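**Q** For the sequence shown, the UniProt record's numbering puts the final residue at 207, and the numbers step up evenly by one.
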Amino acid sequence: MNYSAAMVGLRERKKQRTRRALIEAALRLFGEKGFEQTTLAEIAAQADVSTRTFFSYFASKEDVVFYDSEARVELAVATIATRMPDEPVIDLLLRVINESIEYMSSNEGLTFEDTALRVSLLQTEPALQARALMLLFDSQLRLATALHESYRDRLTLAEAGAAVGALVGAVKLAVMANMRNERSLQDIWETARRATEVAVSGLRSLG
């Protein structure tokens, strides 16, 4: 590895550490003080960076809460694009869910407390609820479009939308409804997988 490549790698690792520090600081402060009461300056100070640096990574406090949303959608769309010639729709959708769970279980040091806090924030903060609904609609539309493109000869866009909506809705609602009974990230992933099984049983008419 030459010097230039080494420096690029070092800068990237530093950026990832700073981003993670901002996420951890924000979630910690949201839990301690509340979402509305926490300021951007406080988040930056907790992460030992300037407010200007905060804006290099996130546009707002809301963006921190949804820090991995875009990456998860991109992963799902990329998985759909790898559809094998004879792969049934249901098998592909199961791959999408499983790969999403694998990504979330290993992503950026996510903890059970982080997940529980984010669910609590989405249930109690009106601004975050509105943002979550917008992101949910946008992400499901993108996934439905990708699924339709992969199965143009078999699925209409309406059918693809129904399949994605049923599966994503089942997983999200099951996890949020059962959060008070969960004790670990593994419990959450098991709830997600069980919800997937339930939803898939109703999608088999798609073949």
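All C-beta atoms, glycine included, are put in the ideal place defined by N, C-alpha and C.
Since we're looking at a predicted model, the values are computed, not measured.
Give the list of continuous alpha helix (DSSP H) stretches no shorter than 4 residues that lie fully inside the segment 107-138.
**A** Complete alpha helix (DSSP H) runs here, min 4: 112-124.
**Q** Is it the case that the segment 140-150 contacts the segment 79-91, given that we only count it when at least three CB pairs across the two stretches are under 8 angstroms?
**A** yes
**Q** Measuring from the CB of I101, is there a heavy atom of the ligand PLP at a distance below 7 angstroms?
**A** No copy of the ligand PLP appears in this structure; indeed no ligand is present at all.
**Q** Which first and last residues belong to the alpha helix (DSSP H) in which G161 is found?
**A** For the purposes of this step, residue 161 is identified with residue 161 of the sequence shown, where counting begins at 1. Segment L157 to A177, the alpha helix (DSSP H) holding G161.
**Q** What separation, rounded to the nearest whole angstrom, lies between the Cα atoms of I23 and W189?
**A** In the sequence shown, residue 23 corresponds to position 23, counting from 1. In the sequence shown, residue 189 corresponds to position 189, counting from 1. Each residue's Cα considered, the two are about 22 angstroms apart.
**Q** Around the Cβ of M84, are there at least 16 other Cβ atoms within 10 angstroms (buried) or fewer (exposed)?
**A** The count along the sequence shown starts at 1 and reaches residue 84 at position 84. Per the 10 Å Cβ criterion, exposed.
**Q** For the alpha helix (DSSP H) containing T191, name the first residue and the last one.
**A** As a working note, residue 191 is residue 191 in the sequence shown. First-last of the alpha helix (DSSP H) with T191: L185 to S201.
**Q** So, under 8 angstroms CB-CB, L185 and T115 are touching, yes? Tell me the CB distance rounded to an integer number of Å.
**A** Start at 1 with the first residue of the sequence shown, and residue 185 comes out as number 185. Start at 1 with the first residue of the sequence shown, and residue 115 comes out as number 115. Between the beta-carbon of L185 and that of T115 there is about 7 angstroms, and that keeps the pair under the 8 angstroms contact cut.
**Q** Following the continuous alpha helix (DSSP H) through S69, name the residue where it begins and the one where it ends.
**A** Indexing the sequence shown from 1 puts residue 69 at position 69. Looking at the DSSP string, the run of the alpha helix (DSSP H) that includes S69 is S69 to A81.
**Q** Leaving out five residues before and five after S205 in sequence, what residues of the same chain have Cβ atoms less than 7 angstroms from its Cβ?
**A** The residue you call residue 205 lines up with position 205 of the sequence shown. Within the same chain, S205 has no close Cβ partners at all.
**Q** Evaluate the contact criterion for the segment 64-76 versus the segment 128-148: three or more CB pairs, one atom per stretch, below 8 angstroms.
**A** Taking 8 angstroms as the limit for Cβ pairs, the verdict is that the segment 128-148 does touch the segment 64-76.
**Q** Would you call S139 buried or exposed, if buried means 16 or more other Cβ atoms sit within 10 Å of its Cβ?
**A** The sequence position of residue 139 within the sequence shown is 139, counting from 1. With 16 or more Cβ atoms within 10 Å of its Cβ, S139 is classed as buried.
**Q** Counting only the same chain and skipping the five closest in sequence on each side, list residues whose C-beta sits under 6 angstroms from that of L40.
**A** Looking up residue 40 in the sequence shown gives position 40. Contacts found: T51 and F54.
**Q** Look at the alpha carbon of L92 and the alpha carbon of V164, and state the distance between them as a whole number of angstroms.
**A** Residue mapping note: residue 92 aligns to position 92 of the sequence shown, counting from 1. Residue mapping note: residue 164 aligns to position 164 of the sequence shown, counting from 1. So the alpha carbons of these two residues sit roughly 11 angstroms apart.
**Q** I believe V200 touches L94 by the beta-carbon criterion, under 8 angstroms. Please report the beta-carbon distance rounded to the nearest angstrom.
**A** To locate residue 200, count along the sequence shown from 1; it is residue 200. To locate residue 94, count along the sequence shown from 1; it is residue 94. About 7 angstroms; that satisfies the 8 angstroms criterion.
**Q** Whose CA, out of R180, V119, A160 and D63, lies closest to the CA of G31?
**A** Position 31 of the sequence shown holds residue 31. The shortest Cα separation from G31 among R180, V119, A160 and D63 belongs to V119.
**Q** When you compare the CB positions of E42 and L27, do they come within less than 8 angstroms of one another, or not?
**A** Working through the sequence shown from its first residue, we reach residue 42 at position 42. Working through the sequence shown from its first residue, we reach residue 27 at position 27. Cβ atoms of E42 and L27: not closer than 8 angstroms.
**Q** Just curious, the alpha helix (DSSP H) that S56 is in, first and last residue?
**A** Taking the sequence shown and counting its residues from 1, the one referred to as residue 56 is at position 56. Start and end: T51 to Y57.
**Q** Give me the residue from L136, A59, V64 and T156 with the minimum Cα distance to K172.
**A** Position 172 of the sequence shown holds residue 172. It is L136 whose Cα lies nearest to the Cα of K172.
**Q** Under 6 angstroms Cβ to Cβ from R131, same chain only, skipping five residues before and after it: list those, please.
**A** Here residue 131 refers to the residue found at position 131 of the sequence shown. For R131, where only same-chain residues beyond five positions count, the Cβ hits under 6 angstroms are E62.
**Q** Look up D153 in the DSSP assignment and say whether it is helix, strand or coil.
**A** Within the sequence shown, numbered from 1, the residue matching residue 153 stands at position 153. If DSSP states are grouped into helix, strand and coil, D153 belongs with coil.
**Q** Considering only their Cβ atoms, is the gap separating F58 from V49 smaller than 8 angstroms?
**A** On the sequence shown, position 49 is the one that residue 49 refers to. On the sequence shown, position 58 is the one that residue 58 refers to. No. Outside cutoff.
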